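One structure is given below, encoded as C-alpha cells.
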Ligand SMILES: Nc1nc2c(ncn2[C@@H]2O[C@H](COP(=O)(O)OP(=O)(O)OP(=O)(O)O)[C@@H](O)[C@H]2O)c(=O)[nH]1
Ligand SMILES: [Mg+2]
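Residue numbers (the numbering used here): 798 to 1189.
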C-alpha cells in the first residue's frame, strides 16, 4: 500500500469514529429529559418561593414569543383555607385565557403558604407560580392608630349589621390591597396585573392577549362591574379625599372622571366604584407619586380602621381623579361573576363568538344599581347591540 492510501484509511477511520460518537451522544440526549416532569417545591416558611413554568407541560396552542410577552402577572391575595375556592377561579382563567399565554401568577399571604396550597396551584397555572409572604408591618396596626377607638368602631358597625363591619382581618386586607400589594418584591418585575379572587367565574373565551391589548391601547385601569359603595363603611372618605386634593391640586388629571364619582360636581361622593375583585391594570399607576401620596394621606387619617374603607372605593376615587378617563376601560366582552353580580355580554353574536356560558338576563351592566351606564355616557363609549332590552 502506498503512504497516500494509508493516510486515506486513517482519515476514514477518524471520520467513522466521530460519526459513532455523535450518534451515541444524540441517543443519550433523547432518554434524559432536560427538565423534570414533576416540579420539586422546597417549602421554607417565611420565604418567598417560586416554581418555574419550564417544569410544567406546555399547552398545545402557540404561546407568544418572549419578545411579544408583556411584563404581566396574575395576583391573588389568599389564605391557605381559600385554596379550593381559588382553584376553581384559576381553572377558569386558565381554560378561557391563560393556557394560551402562560402568564405568571403571584400568590400573597399574611401567613406562609403550605405545601398543599403550593402544589395544587402550581399544578393548574401554566406560567410560573410565586408565593410571597406579606411583611408584618403591612398587615398590622400602624403606630398612630388608637386601637381602642378602632375596637369601638367595630362594635358600632356590628350593631348596625354592616357587612364585615366587625372584622379585623378584613380591614387589614382592604388596607393591604389599597396600599401594599403592588410594593411586594415579587411584583417588582411586572408592569401589568390581573387580580383574581376565590370563587369567581369567567364566562367567555378571551382569545387575545389581554395584557398586550391594555398596553397597545394605552389603558391603565379596567373593570367588569361597577356599583355604589355602602355609605356606612366610608362616612369620612370623601371629606378626607377633598382635604388631600385641596393640598395637592397638581395630581388631578385634566380629563378626569369626577362626574362619575360625584353627582354634584365634587361636593359629595355618590359611592360609584369599580368592583376591585376584578382588576387588570398598570402597576405604575399605584407606584406613581399621586397615588402613593394619596394612600399615605388616607392611611394617616385612620379610616381603614376607624371606619371600614374598602380598596374598591379607594382605588376608584384615585383612578377617577388622577387618571385621564381615556385610560380607563370597561371589558364588556369579559364575562365575569363574583357573587352576587354578573357581567354577561348581552349581544347574542358576541356570546356565540366567544363561547360564553352565562345568562344575559343576569347581566348587571344595564341594571339601575350599576354605575356602568354612566361610565359609557361620560366616555362616549358605543353600547353593545341590544343593551336597551336589558336596562331597568
Ligand atoms: N391572606 C389573606 N387573604 C385574605 C384575608 N381575607 C381576605 N383575603 C383575600 O382577600 C381577597 C378579598 O377577600 P374576600 O373575602 O373575597 O372579600 P370580598 O370579595 O369583599 O367578600 P366576599 O363577598 O366574601 O368574596 C380574597 O382574595 C381573599 O382570599 C386574610 O385574612 N388573609
Ligand atoms: Mg371576594
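Using N, Cα and C, we set each Cβ at its ideal position, and we do this for glycine too.
No experiment lies behind these values; they were computed from the predicted model shown.
- When only Cα atoms are considered, residue 1122 and residue 1131 end up about 20 Å apart.
- The beta carbon of residue 1056 sits closer than 7 Å to those of 1175, all from its chain and outside the five residues before and after it, given in chain order.
- Distance between residue 1119 and residue 1112, taken at the CA atoms: about 10 Å.
- By the neighbour-count definition (other C-beta atoms within 10 Å, threshold 16), residue 1115 is a buried residue.
- Under DSSP, residue 1025 forms a beta bridge with 1069.
- Its chain contains 1048 as the residues whose beta carbon lies nearer than 8 Å to that of residue 1086, once the 5 sequence neighbours on both sides are disregarded; these appear in chain order.
- Of 918, 1141, 1020, 1024, the smallest CA-CA separation from residue 1152 is found for 1141.
- Taking C-beta separations shorter than 7 Å and ignoring five residues to either side along the sequence, the partners of residue 1103 in its chain run 946, 947, 950, following chain order.
- About 7 Å separates the beta carbon of residue 1023 from that of residue 1172, a gap short enough to meet the 8 Å contact definition.
- The straight-line gap separating the alpha-carbon atoms of residue 1040 and residue 1019 is approximately 27 Å.
- A straight-line Cα-Cα distance of about 23 Å links residue 896 and residue 1014.
- Membership of residue 930 in the beta strand (DSSP E) is indicated by the continuous run 926-930.
- In this structure, ligand 2 has no non-hydrogen atom nearer than 6 Å to the beta-carbon of residue 913.
- Segment contact: the segment 956-966 against the segment 1090-1100, fewer than three CB-CB distances shorter than 8 Å; contact not assigned.
- The C-beta distance from residue 877 to residue 929 rounds to 14 Å, too long to fall under 8 Å, and the pair is not in contact.
- Inclusion of residue 1109 and residue 1070 in the CB contact set at 7 Å is warranted, their separation being smaller than that value.
- Within the DSSP bridge table, the entry for residue 991 names 871, 1077 as partners.
- Of the other Cβ atoms in all chains shown, fewer than 16 fall within 10 Å of the Cβ of residue 1165; this residue is therefore exposed.
- Excluding residues up to 5 positions away in sequence, 979 lie with their Cβ nearer than 7 Å to the Cβ of residue 1084 in the same chain.
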